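Residue numbers (the numbering used here), protein chains in the order written: chain A, 17 to 245; chain B, 17 to 245; chain C, 17 to 245; chain D, 17 to 245; chain E, 17 to 245; chain F, 17 to 245. Shown next, in structure tokens, is the structure this report addresses.
Protein chains: 6
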Amino acid sequence: VSHVVVRSSVAPNEADVSALARQGVSTVHEAQGRRGLMAAYMRPIYPGRRVAGRAVTVSSHPGDNLMLHAAVEQVRPGDILVVTTRSPSTDGMLGELLATSLRAHGAIGVVLDAGVRDVAELTEMDFPVWARAVSAQGTVKVTPGSVNIPVVAAGAYVRPGDVIVADDDGVVVVPLETATAVAAAGVEREANEAGKRTQLEAGVLGLDLYHLRQLLADLGVTYMDAEGQ
Amino acid sequence: VSHVVVRSSVAPNEADVSALARQGVSTVHEAQGRRGLMAAYMRPIYPGRRVAGRAVTVSSHPGDNLMLHAAVEQVRPGDILVVTTRSPSTDGMLGELLATSLRAHGAIGVVLDAGVRDVAELTEMDFPVWARAVSAQGTVKVTPGSVNIPVVAAGAYVRPGDVIVADDDGVVVVPLETATAVAAAGVEREANEAGKRTQLEAGVLGLDLYHLRQLLADLGVTYMDAEGQ
Amino acid sequence: VSHVVVRSSVAPNEADVSALARQGVSTVHEAQGRRGLMAAYMRPIYPGRRVAGRAVTVSSHPGDNLMLHAAVEQVRPGDILVVTTRSPSTDGMLGELLATSLRAHGAIGVVLDAGVRDVAELTEMDFPVWARAVSAQGTVKVTPGSVNIPVVAAGAYVRPGDVIVADDDGVVVVPLETATAVAAAGVEREANEAGKRTQLEAGVLGLDLYHLRQLLADLGVTYMDAEGQ
Amino acid sequence: VSHVVVRSSVAPNEADVSALARQGVSTVHEAQGRRGLMAAYMRPIYPGRRVAGRAVTVSSHPGDNLMLHAAVEQVRPGDILVVTTRSPSTDGMLGELLATSLRAHGAIGVVLDAGVRDVAELTEMDFPVWARAVSAQGTVKVTPGSVNIPVVAAGAYVRPGDVIVADDDGVVVVPLETATAVAAAGVEREANEAGKRTQLEAGVLGLDLYHLRQLLADLGVTYMDAEGQ
Amino acid sequence: VSHVVVRSSVAPNEADVSALARQGVSTVHEAQGRRGLMAAYMRPIYPGRRVAGRAVTVSSHPGDNLMLHAAVEQVRPGDILVVTTRSPSTDGMLGELLATSLRAHGAIGVVLDAGVRDVAELTEMDFPVWARAVSAQGTVKVTPGSVNIPVVAAGAYVRPGDVIVADDDGVVVVPLETATAVAAAGVEREANEAGKRTQLEAGVLGLDLYHLRQLLADLGVTYMDAEGQ
Amino acid sequence: VSHVVVRSSVAPNEADVSALARQGVSTVHEAQGRRGLMAAYMRPIYPGRRVAGRAVTVSSHPGDNLMLHAAVEQVRPGDILVVTTRSPSTDGMLGELLATSLRAHGAIGVVLDAGVRDVAELTEMDFPVWARAVSAQGTVKVTPGSVNIPVVAAGAYVRPGDVIVADDDGVVVVPLETATAVAAAGVEREANEAGKRTQLEAGVLGLDLYHLRQLLADLGVTYMDAEGQ
């Protein structure tokens with residue numbers, strides 16, 4: 017087992033990251049062909065935040081946050097830390113002090129396939145965290161791990177430099193190579209949705225807007241009146 | 017397997033629905049003899065809403081929201097859409113666009129034994145949804161299903177025309193035939209509770225209010241002082 | 017099976033309780049050597065409250081809240097009720113009426129390894145409850161149980177008179193005998209953290225603050241640049 | 017809340033029940049259009065049994081098996097007891113003694129949306145039980161419930177007299193009215209599958225047997241060689 | 017945080033342990049008033065074993081089995097190791113090698129509120145383990161813990177020297193002080209059950225055997241014939 | 017969204033695969049530095065099988081097994097099919113017929129991050145499947161997906177051509193590039209374990225074999241006698 021901390025300057029385009037942050041998780045997930053979504057157990061510790069940033073990844077031993085400290089040094093402004101443990105854990109790997117340190121180095125949020133603590137303080141700081149659990153259980157700093165290697169976090173494959181988008185709908189990963197294309201596809205999707213929204217608000221049915229009536233008939237769906245009416 | 021969309025004009029009495037909406041889930045559940053409660057995993061996407069309305073039911077293939085579009089056409093003002101999948105799924109079957117369409121046709125909320133997305137937008141719209149999960153995972157529109165047939169949603173049996181009551185405590189189903197009786201029983205219960213509340217606020221013990229001291233004795237519960245006191 | 021209601025005047029020191037309430041769950045859990053934390057499934061019904069108080073314990077049959085009424089009589093101002101069921105249950109054992117009664121006798125909160133209901137009303141009352149589930153499912157009052165005996169609640173061992181601390185991070189139990197020492201250790205910890213916070217805010221790395229660079233080297237963690245950079 | 021024990025002589029045709037028992041859960045579920053399957057958490061306590069029988073239903077308070085005793089009197093040879101609790105419970109509602117009593121009255125198995133105990137003894141007796149949990153936790157006999165009313169068990173709607181089919185794949189409910197048609201459809205399905213099995217054993221591809229190649233093309237699925245090969 | 021290994025020669029009576037092993041989990045749990053049962057997620061890795069023995073307890077850091085090695089030295093013939101982690105973990109803390117070592121020192125089984133691995137080898141050795149998960153994920157040996165201190169394992173309070181009983185129904189803890197009384201109560205219960213079994217086999221109904229008909233009437237349970245029969 | 021079926025002849029060395037199959041999941045997982053383990057919810061449908069083979073991967077829509085049929089054509093003797101769904105699903109995607117087809121083309125097992133059915137028949141065939149659930153719920157054949165692309169299955173990253181090892185301990189993935197090295201490391205590990213086993217059987221303590229006594233002392237673990245002994 018070899019453990020490494022990789023220094024990486026690979027980064028997505030800032031304009032793309034801004035566009036993805038505005039679009040949000042559901043739009044981005046659609047725009048990239050429904051790939052890269054983390055499991056639904058990843059929830060924000062408080063509602064209402066929508067962020068996007070470059071992934072700095074951490075692979076940790078469960079119950080040990082040593083490598084999160086190593087990761088802080090690799091963080092640049094606008095980054096999002098993505099932490100996974102080598103086996104399932106809900107221990108509170110990150111609290112107010114680590115968040116303070118991360119913010120001091122420019123991190124704008126954390127995605128943690130493990131537990132978080134100091135939730136009241138983090139909410140007060142307005143430092144958004146997406147996690148699988150809230151737990152006061154602290155960690156030790158004794159076992160090695162890696163920073164900036166590819167990881168699987170909450171079922172999604174994340175490489176350092178990929179774009180992380182997170183909001184009330186969850187967390188999605190956009191591969192670095194496709195960030196520009198996805199951001200563009202998202203813009204197109206937003207425009208398309210705006211048009212549909214106007215029609216749906218006016219009462220047009222999705223059955224007509226999406227031309228579904230023939231499909232229903234082809235699938236053998238029949239219409240009938242309720243008995244006795 | 018035959019799939020149908022049933023046009024139904026069966027509807028509960030408006031005054032009953034209003035009463036049930038005011039009473040809320042816990043009172044209504046008691047008033048109808050503790051039947052019809054959906055599983056506790058059904059949670060509101062934001063707190064503070066209390067609604068009641070006629071059920072329009074949908075039975076869908078997992079990962080496919082075709083039949084939700086068919087259902088919109090069957091919605092009338094004041095209705096609540098109740099969606100279930102034929103096998104467990106957390107996919108986000110409903111988002112802002114479908115909610116916009118549902119609202120345009122008068123729906124006042126959705127109960128979804130599956131996933132929901134666009135949570136920030138739905139909160140902004142103040143369109144309440146009760147769901148088992150939040151997930152950005154979108155769906156396809158290719159498999160048939162049914163609208164307005166009896167379904168089991170989150171462990172409760174729901175027929176089109178039944179009354180759905182939903183609030184921060186969850187979701188309960190009131191059969192159409194008993195809605196008037198349940199609403200009346202709920203009114204009685206509220207009055208009864210108001211009286212008890214006053215006494216309990218004044219410090220009267222439930223042991224006395226409910227005459228439980230003799231029962232405790234009959235059950236062999238004994239009182240003792242802590243050792244060494 | 018013998019069932020008892022124990023009258024107990026054993027109580028922690030008020031100043032200790034105040035200190036523990038201010039420190040909160042994560043600090044207290046650390047200060048007492050990471051013992052006594054309840055499982056992460058115990059969540060507050062609304063965010064933002066931090067309380068500490070003497071435990072009054074209840075061991076109940078699932079689906080039966082008879083013994084909660086017996087417990088109210090044993091409550092004194094500042095107490096926190098800790099309720100566990102003899103087998104897993106999510107039934108709503110406590111609602112607005114019982115909370116009204118508990119408050120009338122001075123209770124400041126409830127920790128419930130079961131379900132709670134009337135969440136909207138409890139939020140309105142600002143009466144904090146930590147529970148494993150929200151459920152409108154009511155209970156009966158027919159089976160015996162015990163008050164103020166040692167219990168295991170959400171994986172933690174609680175004796176009457178122990179101090180319960182609860183906030184957005186969860187619930188922790190401080191044994192009565194060690195409350196003074198833990199409160200003192202918590203004060204020390206807060207001071208220590210304040211110093212660290214200042215340094216971390218200034219950009220000092222945890223790697224340096226905690227002297228971790230040598231440890232990383234000893235553990236065989238190596239630094240490298242990303243390929244192709 | 018009214019509680020009843022319904023004496024019912026409604027019963028499916030014996031030949032249909034035999035056919036359904038031979039076909040097993042997966043075939044029957046297909047044959048009736050993929051309806052009526054219980055949740056996947058319902059597992060047999062030992063592998064290898066396949067049964068079908070008339071449902072005698074029980075609605076119980078959690079942690080109370082009083083109504084199971086009332087149900088035994090309603091059991092006739094070949095019946096299967098279907099037990100559900102009014103809120104979720106894993107308590108061991110049935111053990112060796114109740115199974116002995118059920119067998120003495122002709123029951124051939126139990127489907128229990130709750131817990132079972134005495135698993136070693138039940139296995140020794142070869143009395144099959146499908147349950148959501150194994151738990152030594154016993155129950156009381158103090159709260160009323162109903163026998164032979166419609167229930168929702170593990171997500172499926174079951175009425176007394178319906179046919180229950182259970183095996184290693186789970187549990188499925190066949191409505192009484194459709195048992196004959198479903199059994200016939202199952203026979204047809206078995207014949208159809210036998211033909212397919214022969215072809216598939218011979219190496220014919222499902223792509224060809226089910227004519228899926230054109231569909232793949234229509235859906236835009238493209239074939240390519242791995243890079244560098 | 018102080019960590020200790022306690023050398024303890026406290027032990028239950030051998031005859032009591034033998035009796036408890038013969039009675040099994042469900043009988044023992046009843047005989048001691050339904051206390052001390054571990055959570056239903058604790059399952060045997062293979063069916064058919066029933067054991068009882070003195071508890072040697074271990075409190076470990078998650079993902080670290082250092083203290084299991086310290087515990088082996090404290091094991092005497094007939095003991096059962098009870099292992100818990102300070103926060104939830106499914107890592108495989110015990111495999112074939114540790115089991116070999118434990119058996120060499122006389123241990124007859126392990127109860128592990130964590131994961132186990134080498135299940136095929138352990139089955140081959142006929143060394144029974146009850147665990148919450150099977151996982152090949154290994155552990156480290158770097159963090160301190162304690163041996164032979166009181167622990168909460170799978171929701172049950174266990175002190176060194178208590179009797180552990182485990183079989184296909186799960187795991188129950190009998191406090192050392194009450195082992196003799198519980199064993200005696202179990203013998204009585206077995207005799208009582210034998211008599212009931214004979215009657216139930218002969219077709220006597222539980223309704224009559226337990227005199228429940230009057231209770232049903234008192235609770236308002238009414239008998240009726242199915243409609244239309 | 018583009019969907020592809022990739023024809024790939026990339027394959028691991030047969031001797032390596034044989035060695036990995038003999039070593040089993042826990043040894044292989046250790047030998048490759050504790051990477052690539054699937055989640056513990058992946059369980060064999062019957063105990064006692066240990067296999068290794070080349071991965072043929074499938075990415076499917078939930079509730080749709082169209083792409084499994086496309087995958088059969090890509091299977092060569094000795095392969096293991098690895099199936100994942102784009103969102104969580106427990107539907108029975110594979111039963112006896114598909115297994116018959118897979119076996120006819122040489123597949124030796126299936127790893128399914130979804131549900132399986134026909135468990136009795138598959139056991140009879142001795143065709144091993146590792147799955148997250150057993151469910152009779154069938155699937156449709158209407159939505160596109162991909163074969164032989166990289167996937168995340170049960171939390172592990174799998175590329176076509178990687179080696180899958182599966183047994184009673186779960187499922188582990190060995191990257192193609194490292195298969196030879198891992199197989200060699202496994203051989204070394206087996207030899208090392210054999211030596212340890214002999215010593216542990218003879219009663220040597222792990223404390224001495226692994227030189228842990230000094231570590232315990234350094235970590236502050238102290239030894240003491242139980243009170244009163």
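Every residue, glycine too, gets a C-beta built ideally from N, C-alpha and C. Quantities reported herein were computed from a predicted structural model and do not represent experimental measurements.
Item to complete: Indicate whether the contact test is met: 3 or more Cβ pairs, each with one atom in the stretch 226-237 of chain D and one in the stretch 69-88 of chain D, closer than 8 Å.
Response: no
Fill in: Proximity test, Cβ basis, 8 Å: V203/E and chain C
no
Worksheet entry | Secondary structure of H45/C, DSSP reduced to three states | helix
Worksheet item: Any beta-carbon of chain E closer than 8 Å to the one on S105/A?
Response: yes
Item to complete: Mark A242/A as exposed unless 16 or more other C-beta atoms lie within 10 angstroms of its C-beta, in which case mark it buried.
Response: exposed
Worksheet entry | C-alpha distance - L114/C paired with L216/B, whole-angstrom precision | Cα-Cα distance, rounded: 8 Å.
Worksheet entry | Counterpart residues of H19/D in DSSP-defined beta bridges | V237/E
Worksheet item: To the nearest angstrom, how far is it from the Cα of V187/A to the Cα of D129/F?
Response: One C-alpha to the other measures close to 21 Å.
Worksheet item: Across which residues does DSSP place P160/E in a beta bridge pair?
Response: Here P160/E is not bridged, per DSSP, to any residue.
Discussion item. At the 8 Å Cβ level, is D134/F part of the contact set with chain D, yes or no?
Written reply: Interface residue, yes.
Worksheet item: Going along chain E in order, which residues have a C-beta closer than 8 Å to the C-beta of H85/D?
Response: L221, G222, L223, Y226 and L228
Item to complete: Could you tell me whether the Cβ atoms of V72/D and A37/D are closer together than 8 Å?
Response: no
Worksheet item: What is the DSSP secondary structure of A55/C, counted as helix, strand or coil?
Response: coil
Worksheet entry | Through-space distance from Q153/E to P121/F, alpha-carbon basis | Reading off the sequence, residue 121/F comes out as His, not Pro. In a straight line, the C-alpha of H121/F is about 33 Å away from that of Q153/E.
Discussion item. Within 8 Å of any Cβ in chain A, is that where the Cβ of G111/F sits?
Written reply: no
Worksheet item: What number of angstroms, rounded off, separates the C-alpha of R248/E from the C-alpha of V168/E?
Response: Coverage of chain E is limited to positions 17 through 245, which leaves residue 248/E absent and any answer about it impossible.
Practice prompt. Within its chain, find whatever has a CB closer than 8 Å to the CB of E140/E; leave out the 5 residues flanking it on each side and keep chain order.
Written response: none
Worksheet item: The alpha helix (DSSP H) with S34/F in it runs from where to where?
Response: Segment E30 to Q39, the alpha helix (DSSP H) holding S34/F.
Discussion item. If we define contact as Cβ-Cβ less than 8 Å, is A172/F a contact residue for chain A?
Written reply: Chain A has a Cβ within less than 8 Å of the Cβ of A172/F.
Worksheet item: Hey, which unbroken runs of the alpha helix (DSSP H) at 4 residues or more fall wholly within the stretch 125-192 of chain D?
Response: For the stretch 125-192 of chain D, the continuous alpha helix (DSSP H) assignments of 4+ residues that do not extend past its boundaries occur at 135-141, in sequence order.
Fill in: Where E112/B falls, given that 16 or more other Cβ within 10 Å makes a residue buried
So E112/B counts as buried.
Discussion item. Could you compute how far the alpha carbon of G219/C sits from the alpha carbon of Q39/F?
Written reply: 49 Å
Fill in: Beta-carbon proximity list for K157/C, same chain, < 6 Å, skipping 5 on both sides
L82
Discussion item. Less than 8 Å between the beta carbons of D185/D and S34/D, yes or no?
Written reply: no
Worksheet item: So, are the CB atoms of V163/A and V22/A less than 8 Å apart?
Response: yes
Practice prompt. Within the stretch 48-109 of chain C, note down every full alpha helix (DSSP H) run reaching 4 residues or more, in order along the chain.
Written response: As for any alpha helix (DSSP H) of minimum length 4 sitting wholly inside the stretch 48-109 of chain C, the runs are 82-88, ordered along the chain.
Worksheet item: chain B partners of G79/F, CB-CB under 7 Å?
Response: H77, P78, G79 and S103
Practice prompt. Please compile the residues from chain B whose C-beta is within a distance smaller than 9 Å of the C-beta of V168/D.
Written response: V168, G171, A172 and Y173
Practice prompt. Go ahead and pull the three-state DSSP assignment for L225/C.
Written response: helix
Item to complete: Could you tell me which of S25/F, H19/F, V26/F and A47/F sits nearest to A197/F, measuring between CA atoms?
Response: A47/F
Worksheet item: Using 8 Å as the limit for Cβ to Cβ distance, is R92/D near chain B?
Response: Output row for R92/D: interface = no.
Worksheet item: For a contact meaning CB atoms closer than 9 Å, what does T238/D contact in chain F?
Response: S18, H19, V20 and V21
Discussion item. Against chain E, does Q270/D count as a neighbour if the rule is that its beta carbon must be under 8 Å from one of theirs?
Written reply: Absent from the model: residue 270/D. The displayed extent of chain D is 17 to 245, so no value can be given.
Discussion item. When you compare the CB of E206/D with every CB in chain F, is at least one pair closer than 8 Å?
Written reply: no
Worksheet item: For S76/A versus M109/A, is the C-beta spacing smaller than 8 Å?
Response: yes
Fill in: 7 Å CB neighbourhood of A87/A in its chain, flanking five on each side removed
For A87/A, where only same-chain residues beyond five positions count, the Cβ hits under 7 Å are V72, V74, L97 and V163.
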